[in-house]
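Colleague: Just so it is clear: in the sequence shown, position 94 is 103 by this note's numbering, and no numbers are missing.
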Amino acid sequence: MTLSHIKVHHFRNIEYAQLHLSHHFNFVIGDNGSGKTSLLEAIYMLGHGRSFRHIQSNRIIQHEQPELVLFSKIESANQQSRSIGLAKTRNNDNTIKIDGDEGYRLTDLAKLLPIQLITPEGFDLLTGGPKYRRAFIDWGCFHHYPEFVFLWHNLKRLFKQRNALLKQSNSYNQMLPWDKELAPIAEKISKFREDYTQHIFPEIVQTSQDFLPEYQLNCSYYQGWEYGLNYAEILHKQYERDKLINYTTLGPHKADIKLRIDNIPVEDLLSRGQLKLLMCALRLSQGEYYTKQTAQSCIYLIDDFASELDLEKRGLLAKRLKSAHSQVFITAVSQDQITHMIDENDKIFYIKSGIIS
Ligand SMILES: Nc1ncnc2c1ncn2[C@@H]1O[C@H](COP(=O)(O)OP(=O)(O)OP(=O)(O)O)[C@@H](O)[C@H]1O
Ligand SMILES: [Mg+2]
């Protein structure tokens, strides 16, 4: 997928912008506070219905304005073109339009616009809690297994109900009907995640070899409860403990991936620049695997490309991104940070106080 053009209306400090985009690299150059991240945020919002910086639309809609509006034309690998629009009000109400028709959901946008985001805050993927890594695996499951999103929503609902019921129940028999419904869904979710990680881990190891050849990365998946035991048994066994805290302690909501080098967690071993490269390795591997499986490309949003990376590592990352043949958006505070990457089909946008030229 690529965006051929985009319109951004009342989004942070961007009052209005209409951009004709390159299907290759789009560089966005501007000073601090000029609106570079905001532009990436707008593209991300088109593919997710929400920002990567704030949940509240209030923060994102331009001051004094009632709503923000985004519009874009996207093209798929077979040259099919579709238009997508998203309007968001201060109450967080979304109107989504695809090819002029309303009634679509956020998941429809997410299916149409697979995006990989790399930001300076993205270190969370490696140094933050398991929820960031679960989001990484679930991105893959969402795009590779059509059933996944339906199961995931069901599971979330059932866990909420189970946790509420834990408070009121006097014996496990009262929980049993719930757990009978919940356990097979949890097992299925876990199977999808396991299957996905089995495919993506070798890709991640290979890419990290290219980026950090001095280290041998080891990846493993934890499903959220002990292997070899079925989840219904776990729920039964844990009931008394769960009841004490009104919370289901084990399950797919505790899943994680562990990334280690010489048995040391990567966040305890690698430098900031090395962590950034590893984060990029994960995102790129995921995007490239998606392309291999679907013959469609991902869109890469890379905020503050140069931060933490020396010249050689920037070159390495740039080369890899170029070979992914995808649409890439890169922000930088000055052009000399990206000069070595510019090719004839690329575009450079200059942004100043929210005005893009
Ligand atoms: N809701 C809003 N309405 C209007 N302006 C806003 C709103 N939210 C943020 N801004 C302003 O938008 C500007 C652009 O912020 P942004 O984070 O996009 O800058 P940037 O170019 O990425 O800067 P940096 O190089 O420091 O990362 C900021 O100066 C901020 O004050
Ligand atoms: Mg920024």
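Even for Gly, the Cβ is constructed at its ideal location relative to N, Cα and C. None of the values given here were measured: they were computed from a predicted structure.
(1) Measuring from the CB of K285, is there a heavy atom of ligand 2 at a distance below 7 Å?
(2) Give the range of the alpha helix (DSSP H) segment to which Q295 is assigned.
(3) Check whether the Cβ atoms of R114 and C150 lie closer than 8 Å to each other.
(4) Could you tell me whether the region 128 to 139 touches the region 272 to 290, using the rule of 3 or more Cβ pairs below 8 Å?
(5) At a cut-off of 7 Å, is H72 close to ligand 1 when judged by its beta-carbon and the heavy atoms of the ligand?
(6) Find out if the Cβ-Cβ distance for the pair I360, G39 is shorter than 8 Å.
(7) Give the straight-line distance between the Cα atoms of D110 and V17, rounded to the nearest whole angstrom.
(8) Residue range of the beta strand (DSSP E) that D265 falls in?
(9) Just to confirm the assignment, what range does the beta strand (DSSP E) spanning Y231 have?
(10) Mind listing, in chain order, the continuous alpha helix (DSSP H) runs of no fewer than 4 residues lying wholly within the region 98 to 168?
(11) Please classify F157 as buried or exposed, where buried requires at least 16 other C-beta atoms within 10 Å of its C-beta.
(12) Within the same chain, show all residues whose beta-carbon is closer than 6 Å to that of K252, passing over the 5 residues directly before and after it, in chain order.
(13) Between the Cα of G112 and those of C289, L95 and Q89, spot the shortest distance and give me the residue it belongs to.
(14) Which two residues bound the contiguous alpha helix (DSSP H) that contains A341?
(15) Count the other CB atoms within 10 Å of the CB of F358; is the residue buried (16 or more) or exposed (fewer)?
(16) Suppose the cutoff is 6 Å on Cβ atoms and the five residues either side in sequence are ignored; what does the same chain contact list for Q125 look like?
(17) Could you check what DSSP says for E24 in three-state terms: helix, strand or coil?
(18) When DSSP builds the beta bridges, which residues end up paired with K356?
(19) Is it the case that the CB of R68 approaches a heavy atom of ligand 1 more closely than 7 Å?
(20) Give the straight-line distance between the Cα atoms of L221 and I270, rounded to the nearest whole angstrom.
(21) Go to E76, then tell me how far its beta strand (DSSP E) extends in each direction, as first and last residue.
(22) By how many angstroms is the C-alpha of T300 removed from the C-alpha of T216?
(23) Hey, N35 and V342 are a contact pair by Cβ (cut 8 Å); roughly how many whole angstroms apart?
Modeller: In this structure, then:
(1) no
(2) R281 to T303
(3) Not in contact: R114 and C150 (Cβ atoms no closer than 8 Å).
(4) yes
(5) yes
(6) yes
(7) Taking the straight line joining both Cα atoms gives about 19 Å.
(8) D265 to I270
(9) L226 to Y231
(10) With a minimum length of 4 residues, the continuous alpha helix (DSSP H) runs that stay inside the region 98 to 168 are 115 to 121, 133 to 136 and 139 to 153.
(11) buried
(12) By the criterion of a C-beta distance shorter than 6 Å, K252 is surrounded in its chain by L175, once the five residues flanking it on both sides are discounted.
(13) L95
(14) No alpha helix (DSSP H) holds A341; the beta strand (DSSP E) holding it covers Q336 to A341.
(15) Buried.
(16) Cβ neighbours of Q125 beyond the five flanking positions: R292, G296, C307 and Y309.
(17) strand
(18) N35
(19) yes
(20) Rounded to the nearest angstrom, the two C-alpha atoms are 11 Å apart.
(21) E76 to E84
(22) 15 Å
(23) No, N35 and V342 are not in contact; Cβ-Cβ is about 16 Å, not under 8 Å.
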